[in-house]
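S.K.: Residue numbers for the sequence shown follow my numbering, beginning at 1198 and rising by one.
All C-beta atoms, glycine included, are put in the ideal place defined by N, C-alpha and C.
As the structure is a computational prediction, the values presented were derived from the model and not from experiment.
Would you mind keeping the following structure in view while I ask a few things?
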Amino acid sequence: MSQYLAVHADLLAPATLSRRVVSINRAHTSQNLPSPTKSDLVKATLRGIKRTVSTKQRQVEPILKNNLCDMVAGLEGVKGCRDKALLLIGFSGAFRRSELVSLQHSDIEFVEHGLVVHLRKSKTDQLGEGRKIGIPYARGAVCPVLALKEWLKLSEISEGALFRPVTRHGRIENINLSTQAVAIIVKERAKAIGLDASKFSGHSLRAGLVTSAAQAGVSSWKIRQQTGHKSDAMLNRYIRDARLFIDNAAGLIF
């Protein structure tokens, strides 16, 4: 069991692994069989995976606005069109990668000022109450709304998953993109513009919106409106670094 967890640690989220452990335990218990999930080794392995993932997320670099503009510049073809829409929507909506890949065509609504995304369920919304996220039109070639429209037109997607795998031959598959694919796309584009890809992940999009907004002087409550964070405490790790040089005491003296 511990070996299974270790093998899947880089493929599945800790919460998913935990649910599988619970399911395996229930299956054995219902058959009056000894559960392989109860050993100290299994518990220690699961705790270690959670600590490792948490540390990786804290250390991830945010994709800032300028980075994002460079990353989507020049993207062409079917995959390029999808990647541009995914990166811009992921950043502008401050989506977790699990939220991004779960989006369906029925979850979006184009309105006068841009796009409304109906997020049905998220990490902090386990009751599935949902919330709405507004993504406005932007100037120039980095407009997330226009990028998504372009992707939908090219892909002819009118129902089902919004972001889907694209084969090397340009064929669009009829399934949801995986969370791992989001991380790969982010890393590929980071490397393409000369950044250290190992410092970036799917979470860099969400972190990037928070950091960029804080640098632009956006209030924390407005940032939380976009991210869905319940308190400023969860934002502080991004905002602290983003505002290091805004009204810096040393800078005001010299």
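Is the stretch 1211–1230 in contact with the stretch 1365–1373, if contact means three or more CB pairs nearer than 8 Å?
M.R.: Segments in contact, no.
S.K.: Along the chain, which unbroken stretches of the alpha helix (DSSP H) at least 4 residues long are found entirely within the stretch 1268–1293?
M.R.: Listed in chain order, they are 1274–1289.
S.K.: Exposed or buried, what is residue 1453 when buried is set at 16 or more other beta-carbons lying within 10 Å of its beta-carbon?
M.R.: The structure shown does not extend to residue 1453, since the chain is modelled only from 1198 through 1451, so no value can be given for it.
S.K.: By the three-class DSSP mapping on this structure, what secondary structure does residue 1216 have?
M.R.: Helix, per DSSP.
S.K.: Going by DSSP in three states, residue 1244 sits in which element: helix, strand or coil?
M.R.: Three-state result, residue 1244: helix.
S.K.: Output needed for residue 1393: all residues of its chain with C-beta closer than 6 Å, excluding positions within five of it in sequence on either side, in chain order.
M.R.: Once the five neighbours on either side are set aside, residue 1393 has no close Cβ partner at all.
S.K.: Give every residue of the same chain whose Cβ lies closer than 7 Å to the Cβ of residue 1258, excluding the five residues on either side of it in the sequence, and list them in chain order.
M.R.: For residue 1258, where only same-chain residues beyond five positions count, the Cβ hits under 7 Å are 1396, 1397, 1401.
S.K.: Within the continuous beta strand (DSSP E) that includes residue 1300, where are the two ends?
M.R.: Careful: residue 1300 lies outside any beta strand (DSSP E) and carries neither H nor E.
S.K.: Which of helix, strand or coil does DSSP assign to residue 1354?
M.R.: Residue state, collapsed to three classes: coil.
S.K.: Across which residues does DSSP place residue 1369 in a beta bridge pair?
M.R.: DSSP output for residue 1369 lists 1363 as bridge partner(s).
S.K.: Going by C-alpha distance, which of 1448, 1426, 1390 is nearest residue 1261?
M.R.: It is 1390.
S.K.: Quick check on this structure: which residue in 1246, 1442, 1425 has the alpha carbon closest to the alpha carbon of residue 1414?
M.R.: Ranking 1246, 1442, 1425 by Cα distance to residue 1414 puts 1442 first.
S.K.: Is it buried or exposed for residue 1384, if we count other Cβ within 10 angstroms and need 16 for buried?
M.R.: Classification of residue 1384: buried, given that the 10 Å Cβ count is 16 or more.
S.K.: Take the Cβ of residue 1280 as the centre, count every other Cβ of all protein chains shown within 10 Å, and call the residue buried at 16 or more, exposed below.
M.R.: Buried, since its Cβ has 16 or more Cβ neighbours within 10 Å.
S.K.: Confirm, please, whether the CB-CB distance from residue 1292 to residue 1403 is below 9 Å.
M.R.: In contact: residue 1403 and residue 1292 (Cβ atoms closer than 9 Å).
S.K.: DSSP on residue 1336, reduced to helix/strand/coil?
M.R.: Reduced to three states, the DSSP call for residue 1336 is coil.
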